[in-house]
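Structure first, then comments.
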Amino acid sequence: MHYDLRTDSAGGTAFTLTLPDSETLTLFVSAEGYHGGVHLYAVADVRRLRTLAIPLTAAAARSEIEVGGLVYDASGGRQAPLAGAEVFYEYNGRGVFPDVSGSVRSDAGGRYRVTLPIGPEDALSVRAEVPGFALRHGAIRAAAAAAGEPLDLGLAPIGGVARIEPAERSTTCADAFTVTITNDGPPGDALVILELAFDFQYSQGVYGIDFTWDTSGIAFPLTLDGGEQVSFPIGYDAHRLPSRLFVGVISGARSESGAVYYGSAMGCGPCTGDCDGDDRVTIAELVGGVAIALGSHPFDACPALDGDGDGTILVNELVVAVAAALAGCE
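Residues in the sequence shown are numbered from 1 upward in steps of one, following the working numbering.
Written as C-alpha coordinates, this is what we have:
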(Lines of atoms letter the chains of each structure in order from A; the text may use other names.)
(Lines give C-alpha, C1' and ligand atoms only; values in the text may rest on other atoms or scores of the structure.)
Protein backbone atom coordinates (compact mmCIF):
# COMPACT_ATOMS: atom_id res chain seq x y z
CA MET A 1 0.00 0.00 0.00
CA HIS A 2 1.13 3.53 -0.75
CA TYR A 3 -0.25 6.80 0.64
CA ASP A 4 0.73 10.45 0.12
CA LEU A 5 0.12 12.70 3.12
CA ARG A 6 0.72 16.39 3.83
CA THR A 7 1.28 17.98 7.21
CA ASP A 8 -0.88 20.79 8.55
CA SER A 9 0.28 24.22 9.74
CA ALA A 10 1.51 22.66 12.98
CA GLY A 11 3.60 20.08 11.15
CA GLY A 12 1.31 17.17 12.01
CA THR A 13 -0.62 14.56 10.05
CA ALA A 14 -2.51 11.37 10.86
CA PHE A 15 -3.19 8.05 9.20
CA THR A 16 -4.83 4.74 10.07
CA LEU A 17 -2.37 1.90 10.52
CA THR A 18 -3.74 -1.35 9.08
CA LEU A 19 -0.54 -3.38 8.79
CA PRO A 20 0.05 -6.39 11.07
CA ASP A 21 2.58 -6.05 13.90
CA SER A 22 5.07 -8.28 12.07
CA GLU A 23 5.44 -5.82 9.17
CA THR A 24 7.70 -2.77 8.73
CA LEU A 25 6.36 0.73 8.08
CA THR A 26 8.40 2.77 5.57
CA LEU A 27 8.04 6.55 5.57
CA PHE A 28 9.68 8.94 3.13
CA VAL A 29 9.53 12.45 4.58
CA SER A 30 10.42 15.59 2.65
CA ALA A 31 9.82 19.33 2.89
CA GLU A 32 10.96 22.23 0.74
CA GLY A 33 14.35 23.47 1.87
CA TYR A 34 15.11 20.39 3.96
CA HIS A 35 16.99 17.15 3.46
CA GLY A 36 14.47 14.36 2.95
CA GLY A 37 14.96 10.82 4.12
CA VAL A 38 13.58 7.31 4.48
CA HIS A 39 12.56 6.14 7.95
CA LEU A 40 11.77 2.52 8.88
CA TYR A 41 9.66 1.54 11.89
CA ALA A 42 8.45 -1.76 13.28
CA VAL A 43 4.65 -1.66 13.07
CA ALA A 44 4.37 -3.06 16.59
CA ASP A 45 6.37 -0.09 17.91
CA VAL A 46 4.30 2.43 15.97
CA ARG A 47 1.08 0.91 17.24
CA ARG A 48 2.38 1.10 20.79
CA LEU A 49 3.73 4.67 20.55
CA ARG A 50 0.88 6.01 18.36
CA THR A 51 2.88 9.21 17.73
CA LEU A 52 6.09 9.63 15.71
CA ALA A 53 8.36 12.68 15.87
CA ILE A 54 10.49 12.89 12.71
CA PRO A 55 13.19 15.59 12.62
CA LEU A 56 14.35 17.11 9.31
CA THR A 57 17.66 18.85 8.71
CA ALA A 58 17.51 22.27 7.05
CA ALA A 59 19.52 22.68 3.86
CA ALA A 60 21.67 25.64 2.89
CA ALA A 61 19.77 28.57 1.43
CA ARG A 62 19.21 28.52 -2.32
CA SER A 63 19.75 31.41 -4.71
CA GLU A 64 18.16 32.12 -8.07
CA ILE A 65 20.88 31.36 -10.62
CA GLU A 66 20.70 31.51 -14.40
CA VAL A 67 22.32 28.60 -16.20
CA GLY A 68 22.78 28.66 -19.94
CA GLY A 69 25.04 28.10 -22.86
CA LEU A 70 25.35 27.49 -26.58
CA VAL A 71 24.16 24.45 -28.51
CA TYR A 72 26.11 24.07 -31.73
CA ASP A 73 27.15 21.67 -34.49
CA ALA A 74 30.52 20.32 -33.31
CA SER A 75 31.63 19.68 -36.89
CA GLY A 76 31.32 23.40 -37.67
CA GLY A 77 32.34 24.80 -34.30
CA ARG A 78 30.70 27.59 -32.32
CA GLN A 79 30.07 29.45 -35.57
CA ALA A 80 27.39 26.81 -36.36
CA PRO A 81 24.68 27.29 -33.68
CA LEU A 82 21.70 24.95 -33.54
CA ALA A 83 18.39 26.78 -33.13
CA GLY A 84 15.39 25.03 -31.61
CA ALA A 85 17.42 22.40 -29.78
CA GLU A 86 15.48 20.88 -26.88
CA VAL A 87 17.61 21.02 -23.75
CA PHE A 88 16.38 18.86 -20.90
CA TYR A 89 17.63 19.83 -17.46
CA GLU A 90 17.61 17.94 -14.18
CA TYR A 91 18.45 19.71 -10.98
CA ASN A 92 20.11 17.57 -8.32
CA GLY A 93 19.67 19.12 -4.90
CA ARG A 94 21.64 16.42 -3.03
CA GLY A 95 18.58 15.10 -1.27
CA VAL A 96 17.03 18.52 -0.68
CA PHE A 97 13.36 18.73 -1.63
CA PRO A 98 12.35 19.52 -4.28
CA ASP A 99 14.51 18.45 -7.20
CA VAL A 100 13.44 20.14 -10.43
CA SER A 101 13.43 18.94 -14.02
CA GLY A 102 12.11 20.32 -17.28
CA SER A 103 13.21 21.49 -20.70
CA VAL A 104 13.82 24.65 -22.72
CA ARG A 105 14.65 25.32 -26.35
CA SER A 106 17.59 27.15 -27.77
CA ASP A 107 16.88 30.46 -29.52
CA ALA A 108 17.76 31.49 -33.07
CA GLY A 109 21.38 31.94 -32.02
CA GLY A 110 21.59 28.50 -30.40
CA ARG A 111 21.46 29.93 -26.85
CA TYR A 112 19.43 28.40 -24.03
CA ARG A 113 18.76 29.70 -20.51
CA VAL A 114 17.03 28.46 -17.38
CA THR A 115 16.80 30.12 -13.96
CA LEU A 116 16.57 27.87 -10.90
CA PRO A 117 16.92 28.17 -7.12
CA ILE A 118 20.24 26.37 -6.57
CA GLY A 119 22.07 25.61 -3.33
CA PRO A 120 25.86 26.00 -2.96
CA GLU A 121 26.52 22.24 -3.18
CA ASP A 122 23.97 21.46 -5.89
CA ALA A 123 24.47 20.57 -9.54
CA LEU A 124 22.55 20.69 -12.81
CA SER A 125 22.74 18.08 -15.55
CA VAL A 126 21.49 18.76 -19.08
CA ARG A 127 20.85 16.79 -22.25
CA ALA A 128 20.49 18.35 -25.69
CA GLU A 129 18.44 16.73 -28.46
CA VAL A 130 18.37 17.80 -32.12
CA PRO A 131 17.13 15.63 -35.02
CA GLY A 132 20.07 14.35 -37.05
CA PHE A 133 22.54 14.72 -34.17
CA ALA A 134 23.66 12.41 -31.38
CA LEU A 135 22.48 13.23 -27.86
CA ARG A 136 24.92 15.21 -25.76
CA HIS A 137 25.05 15.34 -21.98
CA GLY A 138 26.67 17.92 -19.72
CA ALA A 139 26.74 18.98 -16.08
CA ILE A 140 27.71 22.04 -14.07
CA ARG A 141 28.25 22.68 -10.37
CA ALA A 142 26.46 25.49 -8.56
CA ALA A 143 29.65 27.46 -7.91
CA ALA A 144 30.55 27.49 -11.61
CA ALA A 145 27.01 28.48 -12.60
CA ALA A 146 26.96 31.28 -10.04
CA ALA A 147 30.22 32.58 -11.49
CA GLY A 148 28.56 32.84 -14.90
CA GLU A 149 30.37 29.88 -16.47
CA PRO A 150 28.42 28.70 -19.55
CA LEU A 151 27.49 25.09 -20.19
CA ASP A 152 28.02 24.78 -23.95
CA LEU A 153 27.04 21.62 -25.81
CA GLY A 154 28.65 20.66 -29.10
CA LEU A 155 26.60 17.98 -30.86
CA ALA A 156 28.03 15.51 -33.35
CA PRO A 157 26.08 14.94 -36.59
CA ILE A 158 24.96 11.34 -36.92
CA GLY A 159 27.11 9.47 -39.44
CA GLY A 160 29.93 7.02 -39.88
CA VAL A 161 30.73 3.69 -38.27
CA ALA A 162 33.41 3.70 -35.55
CA ARG A 163 35.67 0.66 -35.19
CA ILE A 164 38.49 0.38 -32.62
CA GLU A 165 41.41 -1.97 -33.17
CA PRO A 166 42.54 -3.95 -31.36
CA ALA A 167 39.13 -4.52 -29.82
CA GLU A 168 40.72 -6.63 -27.09
CA ARG A 169 44.29 -7.18 -25.98
CA SER A 170 46.19 -8.70 -23.06
CA THR A 171 49.53 -7.23 -22.08
CA THR A 172 52.10 -7.76 -19.33
CA CYS A 173 55.06 -5.93 -17.80
CA ALA A 174 56.32 -2.84 -19.61
CA ASP A 175 54.53 -2.87 -22.94
CA ALA A 176 53.10 -0.45 -25.51
CA PHE A 177 50.76 -0.84 -28.46
CA THR A 178 48.90 1.33 -30.97
CA VAL A 179 45.13 1.81 -31.00
CA THR A 180 43.50 2.72 -34.31
CA ILE A 181 40.01 4.14 -34.81
CA THR A 182 38.59 3.71 -38.31
CA ASN A 183 35.44 5.07 -39.94
CA ASP A 184 34.03 2.00 -41.66
CA GLY A 185 31.38 4.07 -43.42
CA PRO A 186 31.50 4.72 -47.18
CA PRO A 187 33.15 7.85 -48.65
CA GLY A 188 31.10 10.93 -47.81
CA ASP A 189 29.74 9.37 -44.61
CA ALA A 190 31.62 11.49 -42.08
CA LEU A 191 32.30 10.36 -38.52
CA VAL A 192 32.62 13.23 -36.02
CA ILE A 193 34.48 12.23 -32.83
CA LEU A 194 33.98 14.60 -29.91
CA GLU A 195 36.32 12.84 -27.49
CA LEU A 196 37.60 9.47 -26.32
CA ALA A 197 36.51 7.99 -23.02
CA PHE A 198 38.85 5.95 -20.81
CA ASP A 199 37.71 3.98 -17.79
CA PHE A 200 39.83 1.53 -15.84
CA GLN A 201 38.69 -0.96 -13.26
CA TYR A 202 39.02 -4.58 -12.29
CA SER A 203 37.07 -6.81 -9.95
CA GLN A 204 36.18 -4.92 -6.78
CA GLY A 205 38.20 -1.75 -7.30
CA VAL A 206 39.90 0.65 -9.67
CA TYR A 207 43.31 -0.75 -10.49
CA GLY A 208 43.94 0.38 -14.07
CA ILE A 209 46.37 3.16 -13.30
CA ASP A 210 49.24 1.21 -14.86
CA PHE A 211 47.78 2.06 -18.30
CA THR A 212 48.74 5.35 -19.96
CA TRP A 213 47.68 6.91 -23.24
CA ASP A 214 48.66 9.90 -25.35
CA THR A 215 46.04 11.67 -27.47
CA SER A 216 47.85 15.01 -27.51
CA GLY A 217 48.38 14.65 -31.26
CA ILE A 218 44.64 14.54 -31.95
CA ALA A 219 42.61 17.75 -32.24
CA PHE A 220 39.02 17.26 -31.08
CA PRO A 221 36.43 17.36 -32.48
CA LEU A 222 37.90 15.12 -35.16
CA THR A 223 36.17 14.38 -38.48
CA LEU A 224 37.00 11.15 -40.33
CA ASP A 225 35.64 10.51 -43.80
CA GLY A 226 34.68 6.99 -44.76
CA GLY A 227 37.78 4.79 -44.70
CA GLU A 228 39.93 7.30 -42.78
CA GLN A 229 41.52 6.47 -39.45
CA VAL A 230 43.46 7.92 -36.55
CA SER A 231 45.91 6.24 -34.16
CA PHE A 232 47.39 6.88 -30.72
CA PRO A 233 49.66 4.91 -28.36
CA ILE A 234 48.72 3.13 -25.13
CA GLY A 235 51.39 2.02 -22.70
CA TYR A 236 51.36 -0.43 -19.82
CA ASP A 237 53.89 -0.73 -17.01
CA ALA A 238 52.65 -3.20 -14.41
CA HIS A 239 53.40 -2.61 -10.75
CA ARG A 240 50.12 -3.43 -9.02
CA LEU A 241 47.10 -5.69 -9.34
CA PRO A 242 45.68 -6.87 -12.70
CA SER A 243 44.11 -4.03 -14.65
CA ARG A 244 41.34 -3.59 -17.18
CA LEU A 245 41.06 -0.50 -19.39
CA PHE A 246 37.90 0.36 -21.32
CA VAL A 247 38.12 2.69 -24.34
CA GLY A 248 35.06 4.27 -25.94
CA VAL A 249 34.37 6.77 -28.72
CA ILE A 250 32.06 9.72 -27.99
CA SER A 251 30.76 10.57 -31.43
CA GLY A 252 27.79 10.69 -33.75
CA ALA A 253 28.50 7.23 -35.14
CA ARG A 254 25.53 5.25 -36.43
CA SER A 255 27.26 2.18 -35.03
CA GLU A 256 30.20 1.88 -32.69
CA SER A 257 31.76 -0.46 -30.15
CA GLY A 258 34.33 -0.05 -27.43
CA ALA A 259 37.57 -1.84 -26.68
CA VAL A 260 38.92 -3.48 -23.55
CA TYR A 261 42.54 -4.14 -22.64
CA TYR A 262 43.81 -6.35 -19.84
CA GLY A 263 47.10 -5.92 -18.02
CA SER A 264 48.95 -8.15 -15.61
CA ALA A 265 52.16 -8.08 -13.60
CA MET A 266 52.50 -11.88 -13.73
CA GLY A 267 56.07 -12.79 -14.62
CA CYS A 268 57.35 -9.23 -14.47
CA GLY A 269 60.61 -9.09 -12.55
CA PRO A 270 60.89 -10.85 -9.18
CA CYS A 271 57.92 -13.04 -8.34
CA THR A 272 55.91 -11.31 -5.59
CA GLY A 273 55.95 -13.55 -2.53
CA ASP A 274 58.91 -15.74 -3.58
CA CYS A 275 60.86 -15.20 -0.35
CA ASP A 276 63.62 -17.75 -0.98
CA GLY A 277 64.12 -17.07 -4.72
CA ASP A 278 63.20 -20.55 -5.96
CA ASP A 279 60.71 -19.19 -8.55
CA ARG A 280 57.64 -20.41 -6.69
CA VAL A 281 55.39 -19.17 -3.89
CA THR A 282 54.53 -21.68 -1.18
CA ILE A 283 51.81 -21.77 1.47
CA ALA A 284 54.46 -21.17 4.13
CA GLU A 285 55.57 -18.01 2.34
CA LEU A 286 51.97 -16.78 2.13
CA VAL A 287 51.44 -17.41 5.84
CA GLY A 288 54.66 -15.56 6.57
CA GLY A 289 53.50 -12.69 4.37
CA VAL A 290 50.28 -12.33 6.35
CA ALA A 291 52.34 -12.23 9.55
CA ILE A 292 54.51 -9.45 8.09
CA ALA A 293 51.43 -7.48 7.05
CA LEU A 294 50.03 -7.82 10.58
CA GLY A 295 53.33 -6.70 12.09
CA SER A 296 54.16 -9.93 13.93
CA HIS A 297 57.10 -10.74 11.60
CA PRO A 298 59.83 -8.29 10.47
CA PHE A 299 59.68 -6.85 6.96
CA ASP A 300 63.11 -8.20 6.03
CA ALA A 301 61.79 -11.76 6.44
CA CYS A 302 60.45 -11.48 2.87
CA PRO A 303 61.11 -8.23 0.96
CA ALA A 304 59.91 -10.02 -2.20
CA LEU A 305 56.33 -9.45 -1.01
CA ASP A 306 56.78 -5.70 -1.43
CA GLY A 307 55.71 -5.52 -5.08
CA ASP A 308 55.75 -1.72 -5.36
CA GLY A 309 58.89 -1.17 -3.26
CA ASP A 310 57.27 1.18 -0.76
CA GLY A 311 58.60 -0.68 2.30
CA THR A 312 55.22 -2.07 3.42
CA ILE A 313 53.21 -5.21 2.71
CA LEU A 314 49.66 -4.41 1.64
CA VAL A 315 46.61 -6.59 1.01
CA ASN A 316 46.83 -6.14 -2.76
CA GLU A 317 50.41 -7.46 -2.69
CA LEU A 318 49.27 -10.51 -0.75
CA VAL A 319 46.58 -11.05 -3.41
CA VAL A 320 49.26 -10.96 -6.13
CA ALA A 321 51.33 -13.46 -4.13
CA VAL A 322 48.31 -15.79 -3.84
CA ALA A 323 47.86 -15.57 -7.63
CA ALA A 324 51.52 -16.49 -8.09
CA ALA A 325 51.09 -19.45 -5.75
CA LEU A 326 48.11 -20.71 -7.75
CA ALA A 327 49.30 -19.98 -11.29
CA GLY A 328 53.07 -20.04 -10.90
CA CYS A 329 55.64 -17.32 -11.26
CA GLU A 330 56.03 -17.58 -15.00
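The beta carbon of each residue, even a glycine, is placed where N, CA and C say it ideally should be.
Treat the numbers as computed from the prediction; the structure is a model and nothing was measured.
**Asked** Out of curiosity, what's the CA-to-CA distance linking Y41 and L25?
**Response** 5 Å
**Message:** Quick check: the Cα distance between C173 and I234, rounded to an integer number of angstroms?
**Reply:** 13 Å
**Asked** Is C302 near G288, with beta carbons less than 8 Å apart?
**Response** In this structure, G288 lies closer than 8 Å to C302 by Cβ.
**Request:** Inspect the CB distances between the segment 64-71 and the segment 108-121 and report whether three or more fall short of 8 Å.
**Result:** yes
**Prompt:** So what's D214 in DSSP terms, helix, strand or just coil?
**Reply:** coil
**Asked** Which residue's Cα is closest to the Cα of L196: E149, G185, A60 and L245?
**Response** L245
**Request:** Provide the residue span of the alpha helix (DSSP H) that contains R48, from first to last.
**Result:** Taken as a continuous stretch (DSSP letters only), the alpha helix (DSSP H) holding R48 covers V43 to L49.
**Request:** Go to I193, then tell me how far its beta strand (DSSP E) extends in each direction, as first and last residue.
**Result:** That run of the beta strand (DSSP E) goes L191 to F200.
**Prompt:** Rounded to a whole number of angstroms, what is the C-alpha to C-alpha distance between E90 and D300?
**Reply:** 56 Å
**Prompt:** What residue ranges within the segment 220-252 form continuous beta strand (DSSP E) runs of no fewer than 3 residues, ordered along the chain?
**Reply:** Runs of the beta strand (DSSP E) inside the segment 220-252: 222-224, 229-237 and 243-251.
**Asked** Which residues mark the beginning and the end of the alpha helix (DSSP H) in which V104 is found?
**Response** Per DSSP, V104 belongs to no alpha helix (DSSP H); it is in the beta strand (DSSP E), S101 to R105.
**Prompt:** Taking Cβ positions, are P55 and A156 nearer each other than 8 Å?
**Reply:** Taking a C-beta distance under 8 Å as the contact criterion, P55 and A156 do not qualify as a contact pair.
**Which residues DSSP lists as bridging D59, in chain order** = According to the sequence as given, residue 59 is Ala; it is not Asp. The partner list for A59 (beta bridge, DSSP) is empty, contrary to what the question assumes.
**Asked** Any idea which residues DSSP pairs V161 with across the strands?
**Response** DSSP output for V161 lists S255 as bridge partner(s).
**Request:** Jot down the residue ranges of each uninterrupted beta strand (DSSP E) in the segment 132-158, minimum 3 residues, whole runs only, in chain order.
**Result:** 136-141 and 153-155
**Prompt:** What's the gap between the Cα of D175 and the Cα of S216?
**Reply:** Looking at the two C-alpha atoms, the distance is approximately 20 Å.
**Item:** Bridge partner(s) assigned by DSSP for V290
**Value:** Bridge partners of V290: none, in fact.
**Asked** Hey, A139 and S251: beta-carbon distance below 8 Å or not?
**Response** no
**Among G258, Y261, V290 and A128, the one whose alpha carbon lies nearest that of P81** = The shortest C-alpha separation from P81 is found at A128.
**Prompt:** Beta carbon of G154, beta carbon of R136: below 8 Å?
**Reply:** In terms of Cβ geometry, G154 and R136 form a close pair [threshold 8 Å].
**Prompt:** If you run the structure through DSSP and keep just helix, strand and coil, what is P303?
**Reply:** helix
**Beta-bridge pairing of F15 - partner residues as DSSP gives them** = For F15, which the question treats as bridged, DSSP gives no partner whatsoever.
**Asked** Taking the DSSP output, what are the residues bridged to A176?
**Response** G235
**Prompt:** Helix, strand or coil: how does DSSP classify L326 here?
**Reply:** helix
**Message:** Am I right that P187 and G227 are in contact with their C-beta atoms under 8 Å? What's the rounded C-beta distance?
**Reply:** 6 Å
**Prompt:** In terms of alpha-carbon separation, which member of I283, R62 and S296 lies closest to A341?
**Reply:** Not covered by the structure: residue 341. The range shown for the chain is 1 to 330.
**Message:** Just to confirm the assignment, what range does the beta strand (DSSP E) spanning V87 have?
**Reply:** E86 to N92
**Prompt:** Residues bridged to P120 by DSSP?
**Reply:** Bridge partners of P120: none, in fact.
**Prompt:** Rounded to whole angstroms, how far is the Cβ of Y261 from the Cβ of T180, which I believe are closer than 8 Å?
**Reply:** 13 Å between Cβ atoms; not a contact.
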